[in-house]
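With mature numbering (1 follows the signal peptide of the UniProt record, and there is no 0) applied, the sequence shown corresponds to residues -20 to -1, 1 to 647, in that order. Remarks on the structure that follows.
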Amino acid sequence: MKDYLFLLLLLLSLLLSLFASCPSPCSCVPGPTGTTVNCSGLHLERVPQGLPADATALLLRGNNLTDLFGQLPPLPSLLHLDLSYNQLKQLGRGLIFHNFSSLEVLDLSHNDFRTVFNGVFRGIHRLHTLLMMHVQIKFIEEHVFDGLTNLKKLHLSHNHLNAIFPEWFRELPQLEELHLENNHISYVNNGCFSSLHSLLILSLNGNRIRGVSDGAFDGLHNLTALYLEDNQLSKVPSVSMRAIRQLRVLRLGGNFFPQLHTGDFVRLNLEECFVENIAGLTLIDRGAFWDLPYLKTLHLHHNAQLQFVDEQAFINVPNLRILSLHGNNLSALSKEVVKSFQKPLQISLHQNPLVCDCNIRWISEILKGGNNSTRIQILGTLECDGPIQRVPVLSLDPSQIPENCPPVLVGSTNLTVDKKIGEGHVFQCRAHGLPSPKIHWILPDGRVLNQTSNDSRMRLKGPGSLELHPIRPADRGTYTCVAENLLGQAIGVMTLIVENIDIHLFPQSVASTFVTVVWNGTARNAFPEYEIVYRREEEGVREYQSVTVNQFFRSYTINNLRPNALYKFCIGVKSKEDKQYVQFSCTWVKTRDESFMMQGIHRTSNVAVAAVLGIVASMTLVVCAVTVAARKYRQRHYDTPEKSLVTHMAQIPLENLHSPLMAHAGS
């Protein structure tokens, strides 16, 4: 009985001592490994004194703390420190957290500091989770995270970071999650994450990313999830993604892709891919999804302008199980699309303006339990948008739907496009119909362009895509898209208006062997560099010579020309893709004759001689003046000795002077 009383008293004394060390107004909860001190939401302006030495968790969330310098005592057992939702203005340079050698979780979210300096996390080597979301961070020094070799999760979302620096991550070998979403990042450069070999999740959602370098994701050997949603990407960063061999989940929704091109998603190990809520996406081209052996779920829904999915958009995607196409602008989906899938497939097509013609027949058969109904499941309620409206597709009799129908063009085909000389453009023309329509183009000059045509500047990029680059003045006019099958044809007309570039070339000075040309206009800085080409306008001279000048030049002198010859000078740009030259402005100049050159030499010689004679005369006058001055100076010193010397001589006694005459007289 006495033993029980002793133990009870001992326990009571321990509890009393524990509660006695808990600072007011905080609450302290003992645990098996230490004490949790909760001081959250108390409007504190300073950290309470008297914190228990065995504290393993210190919760200071939701107070009015502005500065922590000198306020946090050594807590060697502290594992979790929550300082979120305060008003911290600065963190200093390493004198705040250095006493928390066991700290594993640090939450600094929802504060007001803008800069994170080197050394601030010095001494907390066991930290595995660092949270700094919703702060005002604009600048992070290069070596802030040095020494955090056990860090696994780093959250820097909802700040004001403009760029990513690889130096931040050089000493984070164990990092598994990096969250940089909702910052102001505009570009992802090569090697940004090259040292993060253990990274599993990278989130860059909600930034302003417009471009991703080809080597941006090099080194991410174990990355399984990449989030790039809600940025400003105009094309899929396909090259950079191929370096991520373990990538399983990819999110690209909310970007600015106008089209998914051939090879945008190729040879990736994806299992799930999100390309949804892209307002400008209009079509998915042939082979956009290619060699994706592990892809199971593809989200292509709620793309409000998506009107066409090529019948060969999916090549070697054998394991796809879920294809979400609802909420788009599809009038039809080719039966050939689903033929490429080998496993049972669920397709969602509701909330699309489906046209109930021959292209809907295969869907109607599946809904009625006919062909492929055991392998393909159509999700959602489908309705006809034409030629009869608001009629459920399920109510249609497949036998009453024609097996074939003439082509119907998809998208905006009767349009006018304004482009400038030197720019590029791709005309798009797609069509539904059975049999599948073939497409060719009629150019403004009447030529027919199809898959077998060969033109260096005009070429078909897949069925229905006509690319022009660079555009020349002669390209203006009407381009006609013709889609045809056995039952008929559909025609779309597109007009190209070519605007001249406002750059004009003029001669500034003309000599016998050189000409200086200048150029002006509002488009002087429109291109990074220009080509000036020139040749002699004589029979048998066809080749142009050229020089390259950058956009900051406004004039250029061309030498080694023939006297008394007519030259043609032009300014333009050269296409990087095919090296084609696009001309903006030309001028013709006749060089001076040889007598003009000799006059120039004669005048130059006379001027040179006169200059030399003038210099010699001037030097002679200077030498004479110096000589005269020197003589006068010496003469003045000879006639009038210095006063100091005269005074000194006056002090010498006469008897000290030796004179032969005086000596002789004395004898």
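Ideal Cβ placement from N, Cα and C applies to all residues, glycine included. As the structure is a computational prediction, the values presented were derived from the model and not from experiment.
Complete runs of the alpha helix (DSSP H) confined to the region 27 to 62 [at least 4 residues]: none
- Query: Roughly how many angstroms lie between the CA atoms of L22 and G127, to the nearest whole one?
  - Reply: 34 Å
(message) V289 and L313 - do their beta-carbons sit closer together than 8 Å?
(response) yes
* Bridge partners - R222, DSSP secondary structure assignment -> DSSP output for R222 lists no bridge partner at all.
Can you name, in chain order, every residue of its own chain whose Cβ lies under 7 Å from the Cβ of G74, other than the five neighbours on each side?
G99, V100 and R102
| query | Quick one: what's C461 bridged to in DSSP? | reply | W421 and G472
### Task
Please classify A454: is it buried, with 16 or more other beta-carbons within 10 angstroms of its beta-carbon, or exposed?
exposed
- Where does A411 sit, in a helix, a strand or coil, going by DSSP? strand
Exercise. Can you tell me whether A284 is buried or exposed, with buried defined as 16 or more other CB within 10 angstroms of its CB?
Worked result: exposed
Look at the Cβ atom of T46, then the Cβ atom of G11, and state whether they are nearer than 8 Å. no
Review point. When burial is assigned at 16 or more other CB atoms within 10 Å of the CB, is W568 buried or exposed?
Key: exposed
* To do: Identify whether S81 lies in helix, strand or coil by the three-state DSSP scheme.
  => coil
- prompt: Are at least three pairs of beta-carbons, each pair with one atom in the region 479 to 494 and one in the region 513 to 531, less than 8 Å apart?
  reply: no
Buried or exposed: where does N235 fall if 16 or more other Cβ atoms within 10 Å of its Cβ makes it buried?
buried
Confirm, please, whether the CB-CB distance from S175 to R150 is below 8 Å.
yes
- May I have a chain-ordered list of the beta strand (DSSP E) segments no shorter than 3 residues that lie completely inside the region 139 to 208? 157 to 159, 181 to 183 and 205 to 207
Which two residues bound the contiguous alpha helix (DSSP H) that contains L347?
R341 to L347
| query | Is K276 helix, strand or coil by DSSP? | reply | coil
Going by other Cβ atoms of all chains shown within 10 Å of its Cβ, with 16 needed for buried, is E518 buried or exposed?
exposed
- Query: For I189 versus A205, is the C-beta spacing smaller than 8 Å?
  - Reply: no
For L362 and V317, what's the separation of their Cα atoms in angstroms?
18 Å
Which whole-angstrom value describes the C-beta separation of R231 and F245, a residue pair presumed to lie in contact below a C-beta threshold of 8 Å?
At roughly 13 Å, the Cβ-Cβ gap does not stay under 8 Å, so R231 and F245 are not in contact.
State the Cα-Cα distance for the pair V85 and T13, rounded to the nearest angstrom.
16 Å
Item to check | Where the alpha helix (DSSP H) through V100 begins and ends | outcome: That residue, V100, is in no alpha helix (DSSP H); it is neither H nor E in DSSP.
Pull the bridge partners of G366 from the DSSP assignment, please. V335
| field | Local conformation of residue 657 per DSSP, three classes | value | Missing from the structure shown is residue 657; the chain here goes from -20 to 647 and no further.
Check your understanding: Is any heavy atom in the ligand ATP found nearer than 7 Å to the beta carbon of I346?
Key -> The model on display carries no ligand, and the ligand ATP is accordingly not part of it.
Worksheet item: Does the region 384 to 401 come close enough to the region 466 to 473 to have 3 or more Cβ pairs within less than 8 Å?
Response: yes
How far does the beta strand (DSSP E) with K69 in it reach, from first residue to last? Looking at the DSSP string, K69 is not in any beta strand (DSSP E), and its letter there is neither H nor E.
Output the distance between the C-alpha atoms of F237 and Y207, rounded to the nearest integer angstrom.
16 Å
Reduced DSSP secondary structure (H/G/I, E/B, other) of residue 691: The structure shown does not extend to residue 691, since the chain is modelled only from -20 to 647, so the question has no answer here.
Pair every Cβ in the region 423 to 430 with every Cβ in the region 487 to 502, then say whether three or more of these pairs are closer than 8 Å. no
Q | Nonlocal neighbours in the same chain, by C-beta distance under 6 Å from G501, ignoring five residues either side | A | D482, I483 and H484
Decide if R26 is buried, meaning its Cβ has at least 16 other Cβ atoms within 10 Å, or exposed.
exposed
| field | Length of the line joining the Cα atoms of Q154 and R106 | value | 11 Å
For E316, report the span of its alpha helix (DSSP H) as first-last. K315 to K319
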